Amino acid sequence: MFYIGCHLSVSDGYAAMGKTALSIGANTFQYFTRNPRGRGFKRPDAEDIAALTAFMQEHNFAPPLAHAPYTLNPASEVDRIRDYTREAMAEDISVLEEIPGALYNFHPGAHVGIGVQAGIANVAQTLNIVMKEDQRTTLLIETMAGKGTELGRNFEEVRGIIDGVDPALRSHVGVCLDTCHISDGGYDIAGETDAVLEEFDRIIGIDRLRAVHLNDSKNPVGAAKDRHEKIGEGFLGLAGITKIINHPMLRDLPFYLETPNELDGYAQEIALLRSQRTGE
Ligand SMILES: [Zn+2]
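Rendered as structure tokens:
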């Protein structure tokens, strides 16, 4: 089954996202757990979440990808930021426990001068504090482009975070591969797909890979920029993206578009990608 969806707004609630996804040809979707720029948290309505869950089962959806707000920084040493990050992640996980198989994607954050190793240790400690052994939600470390002091810029840094997680909690940690970010980070995922995925497998382990952010890039390999482009209109190109969605190491994972589009643009991209998919 080809699981493909895009980023949707949560503003009309959870059940509404399922219906919107279906209306544009998607069978999964991503959303922000809360306003990425704002603070304050209102727990979502349990009935709304239950309605979404039933709808997703009825229509054979892959679980949604909940994206943590950008304002979090799990790598921070600053008390105020660290406390807010922990509180928000723990709240988000407690909501996601209501959605079977939910995936919770987060940015590892920026070390802001304390150094890569100290930053990585802080991210791992954050995970050890916010996770519980008996949780059902899987947390996904997103691969980043490497702007500024951003962590997760290469597979070694992602592996370092996982290694710092308590072994009793490690089964709840996976990775979300962002095709634009890793290309901007220096991995030629569109051109050298096999070699990049073999490197991922060697350093992190392919079984940790649970989701793909499918984005083209406005910039060439290694630009360290992080500017998403529409599918087929950037440096990855349609041929590269087609290889990615059909690759045996990736094809069974859910793909989530974060391309610069409104709903009709996403509908067109999903139709295009479905037409490029082999063996369905
Ligand atoms: Zn992200």
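Residue numbers are given in our numbering: position 271 of the sequence shown equals residue 274, and the series is strictly consecutive. Ideal placement from N, C-alpha and C gives every residue a C-beta, glycine not left out. Small disclaimer: the values here were computed from a predicted structure and weren't measured.
C-alpha distance - residue i paired with residue j, whole-angstrom precision
i      : j      : result
Leu276 : Asn218 : 12 Å
Asn157 : Cys183 : 13 Å
Val215 : Ile244 : 12 Å
Ala1   : Gln138 : Outside the shown range of the chain (4 to 283) lies residue 1, about which nothing can therefore be said.
Phe191 : Thr129 : Before going on, a small fix: residue 191 reads as Asp here, not Phe. Cα-Cα distance, rounded: 31 Å.
Pro67  : Ala18  : 12 Å
Leu256 : Ala57  : 21 Å
Lys22  : Gly116 : 44 Å
Ala198 : Asp204 : 10 Å
Asn222 : Ala148 : 11 Å
Ala127 : Asn63  : 34 Å
Tyr87  : Leu75  : 7 Å
Glu50  : Met20  : 14 Å
Thr281 : Ser174 : 31 Å
Glu272 : Thr36  : 24 Å
Ile132 : Arg89  : 7 Å
Ala91  : Leu241 : 37 Å
Ala54  : Glu136 : 27 Å
Arg83  : Ser278 : 48 Å
Leu239 : Ile185 : 11 Å
Gly177 : Val168 : 11 Å
Ala286 : Pro103 : Since the first and last residues shown for the chain are 4 and 283, residue 286 lies out of range.
Lys150 : Ala226 : 9 Å
Asp166 : Met134 : 15 Å
Ile164 : Thr152 : 15 Å
Asn30  : Ile52  : 17 Å
Glu159 : Ile207 : 7 Å
Asp187 : Tyr34  : 23 Å
Gly118 : Met59  : 42 Å
Thr196 : Ser12  : 31 Å
Beta-carbon gap between residue i and residue j smaller than 8 Å
i      : j      : result
Lys228 : Pro263 : no
Ile7   : Leu266 : no
Pro111 : Ala78  : yes
Cys179 : Leu143 : yes
Glu80  : Asn38  : no
Thr141 : Arg213 : yes
Val224 : Gly189 : yes
Ala69  : Leu99  : yes
Ala71  : Asp95  : yes
Phe5   : Glu261 : no
Ser220 : Gly237 : yes
Cys9   : Phe44  : no
Extent of the continuous alpha helix (DSSP H) to which residue i belongs
i      : result
Asp82  : 82–99
Ala274 : 266–279
Tyr17  : 17–26
Phe109 : Element bounds for Phe109: not the alpha helix (DSSP H) but the beta strand (DSSP E), 106–109.
Ala242 : 240–249
Glu162 : Reading off the sequence, residue 162 comes out as Arg, not Glu. 158–166 is the span of the alpha helix (DSSP H), which, as asked, contains Arg162.
One or two residues paired with residue i in a DSSP bridge
i      : result
His216 : Asp181, Tyr259
Val176 : Leu142
Thr31  : Gly8
Tyr73  : Tyr73 is not bridged to any residue.
Leu68  : Gln33, Leu106
Thr113 : Going by the sequence as given, residue 113 is Ala instead of Thr. Note: Ala113 sits in a beta bridge opposite Glu153.
Glu236 : DSSP output for Glu236 lists no bridge partner at all.
First and last residue of the uninterrupted beta strand (DSSP E) at residue i
i      : result
Asn125 : Here Asn125 belongs to no beta strand (DSSP E); instead the alpha helix (DSSP H) covers 119–133.
Residue i beta carbon near ligand 3 (any heavy atom closer than 7 Å)
i     : result
His70 : In the structure shown, ligand 3 is absent; the only ligands present are ligand 1.
Beta carbon proximity, residue i to chain C, threshold 8 Å
i      : result
Ala242 : No chain C appears in this structure, which consists of one protein chain only.
task = Scan the stretch 34–66 and note each continuous alpha helix (DSSP H) run of 4 residues or more that stays entirely inside, going in chain order.
result = The alpha helix (DSSP H) runs lying completely inside the stretch 34–66 and spanning 4 residues or more are 49–61, given in chain order.
### Task
Please specify which runs of the alpha helix (DSSP H), each continuous and at least 4 residues long, are wholly inside the stretch 184–215, giving them in chain order.
If we require 4 residues or more, the alpha helix (DSSP H) runs fully inside the stretch 184–215 come out as 196–206.
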